[in-house]
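This report concerns only the one structure given below.
Numbering (my numbering), first residue to last: -11 to 277.
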């Protein structure tokens, strides 16, 4: 039976993390690569080594969410056990989350479930991708309703952005950041507006969607948030907004879009398939208290 060793990763070993993520399938490690590149305040890393000293699993922890990747599911079980022993029984309120490919989340939870945390729900997500090439352009144009408009969010719409981000957090993560820490939530949204991460969509001159995204060095756009208010949750709106946003990204030089779509939203899933998105992988967001 393989043996593993886990630890909070010090800066001196982050080159090993970088090499591991560089060799990984890009769609599995988007959040981890972004975390490594941006090094947001408050983040930290945890790793598990195999017996020979090579890194077998890594976790990026930020805003109470553990983002997982491994080349060995058994290493994730060991990581979960180590994190449960070190941190799992500490008192603390609020929701904590585990995110990754479905089998990775399951493996980590096998080790971590001995901690003083209760599993309160799981959101199943499907990663869908769209290759932006000339052959796709006409199909996207046909799918955009003339009543749809999409624009980069400006500071005057900070209130709408903050409202949508908070509502999406309630639905996806089970908590409202605008009530828990209003000032920090508004600062986060304002920083996102300044960085150009948010797009707002209108349908028939009414607010229809918020899209939060970032672009990597390979011009792949990853959609971090895709939120439609209840009044806009209709198949034709889904298809039109997705098509319009995809066309805009293509015009700005993107070569591919990646979006995580909740599996329970069948209408949104079908709309994405209808305009050319392909289902690539299954992810889980497990919520704990």
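We put the beta carbon where it would ideally sit given N, CA and C, even for glycine. Bear in mind the structure is a predicted one, so any value in this text is a computation, not a measurement.
{"Asked": "Given residue 159 as reference, the closest of 121, 138, 19, 252 once Cα atoms are compared", "Found": "252"}
{"Asked": "Whole-Å CB distance - residue 137 paired with residue 67, under 8 Å assumed", "Found": "Rounded, the Cβ-Cβ distance is 46 Å, inconsistent with contact."}
{"Asked": "DSSP three-state assignment for residue -1, whether helix, strand or coil", "Found": "helix"}
{"Asked": "Pairwise C-alpha distance: residue 64 and residue 186", "Found": "34 Å"}
{"Asked": "Extent of the continuous alpha helix (DSSP H) run through residue 161", "Found": "146 to 161"}
{"Asked": "Beta strand (DSSP E) segment containing residue 58, residue limits", "Found": "53 to 58"}
{"Asked": "Cβ pair count under 8 Å reaching 3, the region 89 to 106 against the region 191 to 207", "Found": "no"}
{"Asked": "Minimum length 4: unbroken alpha helix (DSSP H) runs contained in the region 16 to 67", "Found": "18 to 26"}
{"Asked": "Assigned exposure category for residue 232 - 16 Cβ within 10 Å defines buried", "Found": "buried"}
{"Asked": "Residue span of the beta strand (DSSP E) that contains residue 216, given as start and end", "Found": "No beta strand (DSSP E) holds residue 216; DSSP gives it neither H nor E."}
{"Asked": "Test item: CB-CB of residue 118 and residue 264 under 7 Å", "Found": "yes"}
{"Asked": "Burial state of residue 194, where buried means 16 or more other Cβ atoms lie within 10 Å", "Found": "exposed"}
{"Asked": "Per DSSP, the bridge partner or partners of residue 223", "Found": "None; residue 223 has no bridge partner."}
{"Asked": "Endpoints, the alpha helix (DSSP H) within which residue 136 is located", "Found": "It is not in any alpha helix (DSSP H) - residue 136 instead sits in the beta strand (DSSP E) that spans 136 to 140."}
{"Asked": "DSSP beta-bridge partners of residue 109", "Found": "275"}
{"Asked": "Residue closest to residue 45, alpha-carbon to alpha-carbon, out of 72, 95, 192, -1", "Found": "95"}
{"Asked": "Residue 239 (DSSP reduced to helix, strand or coil)", "Found": "helix"}
{"Asked": "Residue burial classification, residue 32 (beta-carbon count within 10 angstroms, cutoff 16)", "Found": "exposed"}
{"Asked": "Pick from 228, 212, 202, 271 that is closest to residue 191, judged by C-alpha positions", "Found": "228"}
{"Asked": "Which residues DSSP lists as bridging residue 244, in chain order", "Found": "119, 208"}
{"Asked": "Option in 100, 131, 261 with minimal Cα separation from residue 75", "Found": "100"}
{"Asked": "Sequence-distant residues of its chain with Cβ nearer than 6 Å to residue 124 (five each side left out)", "Found": "264"}
{"Asked": "Run of the alpha helix (DSSP H) containing residue 279, from where it starts to where it stops", "Found": "Not covered by the structure: residue 279. The range shown for the chain is -11 to 277."}
{"Asked": "Distance between residue 210 and residue 204 (C-alpha atoms, nearest Å)", "Found": "8 Å"}
{"Asked": "Closest Cα partner of residue 144 within the set 129, 178, 162, 153", "Found": "178"}
{"Asked": "Identity of the residue in 83, 88, 256, 161 nearest residue 220 by Cα", "Found": "256"}
{"Asked": "Validate contact between the region -5 to 8 and the region 33 to 40 using beta carbons, cut 8 Å, 3 pairs", "Found": "yes"}
{"Asked": "Per-residue DSSP class, three states only, for residue 250", "Found": "strand"}
{"Asked": "Exposure label - residue 275; buried when at least 16 CB within 10 Å", "Found": "buried"}
{"Asked": "For residue 247 and residue 131, the rounded distance between their alpha carbons", "Found": "18 Å"}
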